[in-house]
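Chains as they are written, first to last, in the numbering used here: chain A, 13 to 192; chain B, 29 to 278.
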């Protein structure tokens, strides 16, 4: 992982930004996202979705910057961010594993898949592995019921899963990490 | 001013067109039970205890009186058997939500809810989630609190559930709370609310603590009142009462 150092970075709207321990690359990315939207309340969700996509989570610093940019109270944004499951306030792993627990997957024993993942990764749903590689979540139906039970890793669908396939799939991702 | 004729519980009332039923009833001394309605924070419509039966022409339906404007002549019944039954269910759900809240329990008793063992109890919760405090906070231009999470984990909190920089400690949220569940602690000139401590300022007349420094700063930005001439509500009422007495008692 790249080591990043905090830098002094002053903006008109956030003069004390360097005190918040925010990193320059992140700030530039954030400001790029913000500059793409007019300062209107109705874009708050779109901005938060963009931030989520870019960083895999919304940091407190990011949320405060959005609040200043749009002149919306922080409480309103926090309320929205905690309401939508698509938005996360905690850092997520590089690979986000979503296990479908919709009706079709549930009947085809998605919970067995989930417990196997929990065992292999040593985390429960909503958590991230210590090396920051994987996060585990459950979702309610992804519309791929014909492939039940389904597991999605960073947008890649793994259908008709059985618990013995999982270790191999996880190895693929881990392997890709060490070679690349 | 256009008026409409509203018959509430067989009492004929004349009211301004577009006025909400709960206000018309109040003007005519007819009580409608409610939790989330406050005269300066209207239209939350979340406790639903204020339901009434409205007959418009030949059609009768159940509406919430806090958000139903009287646009035409209406016949309103606030206490039919149907309404009582519905209100009882609503009340027992509220008790299940806030099993330790004394005020809600008293209210439930008054509306005839005796047995609410039918529902699972949400132990340790006192809030009815009406959102009146959030609206009050918004009205005083702070917006320090909002609803957080959703579903069974939904609650009222400050961002990140820590002391909020937007909170001025005015206590409006606690004042409007119908369930009386937002706690304010005050001792030795320090007020504690929402995990934040505030220094209190004294009334210029009687010397009692009554306003937080942050609230004073927020007000003085708008009105430019010197700190010495600040007086508490009691002293202000006293002053006006004396002035009135001077005018009318001769």
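Just so you know, even glycine gets a beta-carbon here, dropped at the ideal spot from N, CA and C. Predicted, not measured: the structure shown is a model, and the values here were computed from it.
query, result
"Unbroken stretches of the alpha helix (DSSP H), 4 residues or longer, contained in the segment 97 to 157 of chain B", "109 to 125 and 130 to 138"
"Short CB-CB distance (under 9 Å) between residue 55(A) and chain B", "no"
"Given 8 Å, three or more beta-carbon pairs between the segment 223 to 230 of chain B and the segment 240 to 250 of chain B", "yes"
"Residue 129(B) classed as buried or exposed, judged by whether at least 16 other C-beta atoms fall within 10 angstroms", "buried"
"Start and end residues, beta strand (DSSP E) containing residue 31(B)", "31 to 36"
"Beta carbon proximity, residue 126(A) to chain B, threshold 9 Å", "no"
"Helix, strand or coil at residue 228(B) according to DSSP, with G and I counted as helix", "strand"
"Distance between beta carbons of residue 33(B) and residue 40(B), contact taken as under 8 Å", "7 Å"
"Check whether residue 131(B) and residue 187(B) have beta carbons under 9 Å apart", "no"
"Beta-carbon neighbours of residue 178(B), restricted to chain A and to distances below 7 Å", "95"
"According to DSSP, residues forming a beta bridge with residue 140(A)", "147(A)"
"Where residue 114(A) falls, given that 16 or more other Cβ within 10 Å makes a residue buried", "buried"
"Residue 136(A) at chain D interface by Cβ criterion, 9 Å", "In the structure shown, chain D does not exist; the protein chains are A and B."
"Distance CB(residue 231(B))-CB(residue 198(B)) smaller than 9 Å", "no"
"Alpha-carbon spacing of residue 43(B) relative to residue 62(B), whole angstroms", "21 Å"
"Span of the alpha helix (DSSP H) around residue 116(A)", "115 to 119"
"Sequence-distant residues of the same chain with beta carbon closer than 7 Å to residue 185(B), five excluded per side", "173 and 176"
"Selected residue, minimal CA-CA separation from residue 153(B), among 182(B), 83(B) and 169(B)", "182(B)"
"Cβ contact check for the segment 72 to 90 of chain A and the segment 54 to 61 of chain A: 3 or more pairs under 8 Å", "yes"
"Residue 64(A) classed as buried or exposed, judged by whether at least 16 other C-beta atoms fall within 10 angstroms", "buried"
"First and last residue of the uninterrupted alpha helix (DSSP H) at residue 264(B)", "261 to 276"
"Contacts that residue 172(B) makes with chain A (C-beta to C-beta distance below 7 Å)", "87"
"Whether residue 103(B) touches residue 90(B) by CB criterion (9 Å)", "no"
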